[in-house]
Amino acid sequence: MGDHAPMKVSISPSDRVFVLTGAGVSAESGLPTFRAEDGLWAGYRIEDVCTPDAWRRNPAGVWAFYSARRASGWKALPNPGHFALAELEARLGDRFFLCTQNVDDLHERAGSVRLHHMHGELSKSRCERECGRLPVEDRNIYTSLDEVGRCPCGGRLRPHIVFFGEMPLEMDRIQEEINRATVMLVVGTSGSVYPAASFVHWARQNRARTVYVGPEPPLNASAFSQIVQGKAGEVMPGLFEVAD
Ligand code: NAD
6 MGDHAPMKVS ISPSDRVFVL TGAGVSAESG LPTFRAEDGL WAGYRIEDVC TPDAWRRNPA
66 GVWAFYSARR ASGWKALPNP GHFALAELEA RLGDRFFLCT QNVDDLHERA GSVRLHHMHG
126 ELSKSRCERE CGRLPVEDRN IYTSLDEVGR CPCGGRLRPH IVFFGEMPLE MDRIQEEINR
186 ATVMLVVGTS GSVYPAASFV HWARQNRART VYVGPEPPLN ASAFSQIVQG KAGEVMPGLF
246 EVAD
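Its first residue numbered 6, the sequence shown is counted upward by one per residue in our numbering.
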């Protein structure tokens, strides 16, 4: 391979691909990542806005933060990184599964279907109590807590977001999909948020090929068999060589 040949990720007809994305895949869409230089997310301290304790102490502050995330999320557009994953899914069908840590909806707006939001979704709310009712669609941008609705059980609606310290959604399904995968592709995540940072290790235990895409090596870089250095929107289009 010559020096200038672009790096490729080859997918054979027997491969099953599990993709994990993080905040980095949405960075080129203008949404700030979480572990940027200042350690803040969009200017906030995580413990003030995305923990169960923050919700108990200051639900108005939590809603102000997530309303602001909604406002910028609705304005953002999917970038070529999101589209490259949707195209890969169109080629692979059921041999593809996308698990995202992102709460924005840019993957689905790019066309991804076999998609799981392990940390919740900005476009939904759910009861603050464990009353068993499912999350509801809610794209409102709240300017005061009085505007936030209540569940029929009386509990206040909270963002359908997995706060730090809470359990990610549908871990059993994620584990099953990782067990079936022969290729794990991880895009734009720092490898600092668990359990997502462990997925690459689970995949390796199953002898899957592990590929990372991002502008800098993640904290768990040594667990990857291939690192494609670059911005997702620049390197992902044309990255995959899918054999029929
Ligand atoms: P992180 O902020 O910890 O790490 C971001 C990673 O993206 C870094 O490793 C960085 O090198 C990489 N990156 C930056 N620009 C990139 C680009 N153009 N292409 C590819 N990679 C790029 O993010 P995380 O590991 O996903 O953890 C953040 C947590 O915060 C998650 O749990 C997530 O739920 C939440 N979060 C979500 C969003 C969102 O929904 N868009 C945004 C911020 C944070």
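From the three backbone atoms N, C-alpha and C, an ideal C-beta is built for every residue, glycine too.
- Relative to the non-hydrogen atoms of ligand 1, the Cβ of P37 comes within a distance shorter than 8 Å of at least one.
- At a Cβ-Cβ threshold of 9 Å, A201 and G29 do not count as neighbours.
- When C-beta atoms of the region 82 to 95 are compared with those of the region 168 to 175, fewer than three pairs fall below 8 Å, so the two segments do not count as touching.
- Within the chosen limit of 8 Å, ligand 1 reaches the beta carbon of N107 through at least one heavy atom.
- Going by C-alpha positions, S117 is about 29 Å away from V67.
- D143 and A32 have their C-alpha atoms some 24 Å from each other.
- Restricting attention to V198, F70 and E126, the CA atom closest to the CA of R40 is found in V198.
- A residue is called buried once 16 or more other Cβ atoms fall within 10 Å of its Cβ, and N211, having fewer, is exposed.
- Annotation: the continuous alpha helix (DSSP H) that includes S77 extends over P64 to K80.
- Only exposed fits T148, as fewer than 16 other CB atoms lie within 10 angstroms of its CB.
- In this structure, Q234 sits near P220, with a CB-CB distance shorter than 9 Å.
- In chain order, F169 place their CB closer than 7 Å to the CB of I51, counting only its own chain and leaving out the 5 sequence neighbours on each side.
- For V24, the enclosing beta strand (DSSP E) has its first and last residue at V22 to T26.
- The alpha-carbon of G160 is positioned some 39 Å away from that of H206.
- Note that the C-beta distance between L150 and A65 is below 9 Å.
- Straight-line spacing of the CA atoms in G243 and F88 works out to 11 Å.
- Taking a C-beta distance under 9 Å as the contact criterion, P164 and R114 do not qualify as a contact pair.
- Following the DSSP letters along the chain, one finds P164 inside the beta strand (DSSP E) bounded by residues L162 to I166.
- Distance from the Cα of D110 is smallest, within the candidate group T215, I179 and I166, for I166.
- Among the bridge pairs identified by DSSP, Y199 is matched with none.
- Distance from the C-beta of E52 to the nearest heavy atom of ligand 1 is not below 8 Å.
- CA-to-CA, the gap between N184 and A208 works out to about 7 Å.
- In this structure, the beta-carbon distance from F23 to F229 does not fall below 9 Å.
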